[in-house]
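Since the structure comes first, as structure tokens, the remarks are kept for the end.
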Ligand code: KE4
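Residue numbers (this note's numbering): 128 to 555.
So this is what it looks like as structure tokens:
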């Protein structure tokens, strides 16, 4: 495929933007190639600067569950522009989106809009600390909750040891309050709570992990987590920035029947515009300024244009049957990808939850980050590049999830499976 224009644009961007991108994963470094510059998108397709078209399974990393440029979303954005773009004052739209979130997620009585998933999780952790008066937090290896200092930690060696900063610039003084434990390992949680339960403000988890590749919770893991946090007065935060409105209308918490104390959201609720949110039980949320003492603010929080896009999106996905056909398509896709690998003798572990999917290039089961890291990254890179050459746009990392949209047709799924059959044969 022709790449000249993307290459030219990338040469310019790398001079003026670190790595030429505004978010690291987009640079495609981990798959050893350069990024495509996207000209436009429509339905389930992206069109790059050289005019090549791709079936898109990244969907802007989750938001585009309706597909690109859904007419209702575009119309809602056009309409709101007649009112203006930002007032720095409350509007009817914020409560309208809040209502749609509260109706969909029973554990949420009140919700605060912010501008990104990072802001949502950062604020949720501060709220949990403010509400409990405790400092320690627990997260899980391989779960990503955005880039707030307190959540950018790598697992220390050994379960209960304190953590090491996950990036230069994050002081030990901050990460000393964050413990990272193996995902799906309830014993490690029990061990830490045994020792330091009274100091722990919250446990934050992606109920279905999507940032180490897709890793579902082990049978009973979330239930035990809910029980033990309840018992110890620890706030349970479900980070549903990716899974919210994705794995089910009410998120993973609906699918698994768990009621967390705080939920963080993002991506889909902005319909492609910058929106994050955190919400939960009224008695907790009332601690947020200006109603309570826990401070959190944002110039563009609840921005009318972003709210309009989110409202239009959530109205579409609450239509009856929306998830049934979407989830079926996803299951068929993953089965096809897995069969393609099997026929080429390539060992993979593939799965889907709702319209989120993952495929690890490893023959073993993947229950946590350590398992995920047994994947063959060269093989994944060859697969990624081969599929891109055939017009299939996947996430450029083994440790990301894929997404199917309502705009993907059965024919698009068939085309994707055929491309995988060819590529798997080539790379085997
Ligand atoms: P943002 O700050 O990127 O809006 O959200 C952070 C975040 C929080 N929680 C979860 C579960 C998330 O998946 C994310 C962001 N996801 C990544 C994709 N792995 C965004 C892509 C990127 O970093 O460019």
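Using N, Cα and C, we set each Cβ at its ideal position, and we do this for glycine too.
Computed from a predicted model, the values in this text were never measured in an experiment.
Name the residue from 387, 338 and 473 whose alpha carbon lies nearest to the alpha carbon of residue 356.
Within the chain shown, numbered from 1, the residue matching residue 356 stands at position 229. The candidate whose alpha carbon is nearest that of residue 356 is 387.
So the beta strand (DSSP E) residue 200 belongs to, where does it begin and stop?
Reading the chain shown from its first residue, position 73 is the one you call residue 200. Unbroken run through residue 200 is the alpha helix (DSSP H), 198 to 208; no beta strand (DSSP E).
Where residue 148 and residue 549 are concerned, what is the direct C-alpha to C-alpha distance, given to the nearest angstrom?
For the purposes of this step, residue 148 is identified with residue 21 of the chain shown, where counting begins at 1. For the purposes of this step, residue 549 is identified with residue 422 of the chain shown, where counting begins at 1. Rounded to the nearest angstrom, the two C-alpha atoms are 31 Å apart.
Close Cβ partners of residue 304 (< 6 Å) along its chain, the five nearest in sequence each way excluded
Position 177 of the chain shown, counted from the first residue, corresponds to residue 304. Only 262 and 263 meet the Cβ criterion.
Determine the burial state of residue 598: buried for a count of at least 16 other Cβ atoms within 10 Å of its Cβ, exposed for fewer.
Residue 598 falls outside the range modelled here, since the chain spans only 128 to 555, and no answer is possible.
Taking 7 Å as the cut-off, is the beta-carbon of residue 428 closer than that to any non-hydrogen atom of the ligand KE4?
On the chain shown, position 301 is the one that residue 428 refers to. No, Cβ of residue 428 sits at least 7 Å from all heavy atoms of the ligand KE4.
Is residue 390 near the ligand KE4 - that is, is its Cβ less than 7 Å away from at least one heavy atom of it?
Here residue 390 refers to the residue found at position 263 when the chain shown is read from its first residue. False, no ligand heavy atom lies under 7 Å from that Cβ.
Under 6 Å Cβ to Cβ from residue 238, same chain only, skipping five residues before and after it: list those, please.
Along the chain shown, read from residue 1 onward, the residue named residue 238 stands at position 111. Same-chain partners within the cutoff: 225, 228, 404 and 406.
Using the Cβ count rule (16 or more neighbours within 10 Å means buried), how would you classify residue 143?
For the purposes of this step, residue 143 is identified with residue 16 of the chain shown, where counting begins at 1. Burial call: exposed.
Given residue 532, which residues of its chain have a CB within under 7 Å of its CB, disregarding the five upstream and five downstream residues?
Within the chain shown, the letter at position 405 stands for residue 532. Excluding residues within five positions, the ones whose Cβ falls inside 7 Å are 171, 186, 191, 192, 193 and 194.
If you measure from the CB of residue 527, is any heavy atom of the ligand KE4 nearer than 7 Å?
In the chain shown, the residue the question calls residue 527 occupies position 400. For the ligand KE4, at least one heavy atom lies less than 7 Å from the Cβ of residue 527.
In three-state DSSP terms, what is residue 140?
Working through the chain shown from its first residue, we reach residue 140 at position 13. Looking at residue 140 - three-state DSSP - the assignment turns out to be helix.
Can you give me the C-alpha to C-alpha distance between residue 486 and residue 417, rounded to a whole angstrom?
Taking the chain shown and counting its residues from 1, one reaches residue 486 at position 359. Taking the chain shown and counting its residues from 1, one reaches residue 417 at position 290. Residue 486 and residue 417 have their C-alpha atoms spaced approximately 45 Å apart.
Mapping DSSP to helix, strand and coil, what is residue 496?
Your numbering for residue 496 matches position 369 in the chain shown. Assignment of residue 496 by DSSP, reduced to helix, strand and coil, places it in the helix class.
In this structure, does DSSP put residue 187 in helix, strand or coil?
Stepping through the chain shown from its first residue, residue 187 is reached at position 60. In the structure shown, the three-state DSSP call for residue 187 is helix.
How far does the beta strand (DSSP E) with residue 392 in it extend, from its first residue to its last?
As a working note, residue 392 is residue 265 in the chain shown. The continuous beta strand (DSSP E) containing residue 392 extends over residues 389 to 392.
Rounded to whole angstroms, what is the Cα-Cα separation between residue 527 and residue 250?
Here residue 527 refers to the residue found at position 400 of the chain shown. Here residue 250 refers to the residue found at position 123 of the chain shown. Answer to the nearest angstrom: the Cα atoms are 24 Å apart.
Contacts around residue 288, its chain only, beta-carbon distance under 7 Å, and the 5 residues preceding and following it disregarded:
If you number the chain shown from 1, residue 288 lands on position 161. In this prediction, residue 288 scores a pLDDT of 47, lower than 50, which makes its location untrustworthy; the coordinate-derived value is nonetheless stated afterwards. Nothing listed; no residue qualifies.
Assigned secondary structure, residue 515 (DSSP; H/G/I helix, E/B strand, else coil)
Sequence index remark: in the chain shown, residue 515 carries index 388 (1-based). DSSP places residue 515 in helix when its eight states are reduced to three.
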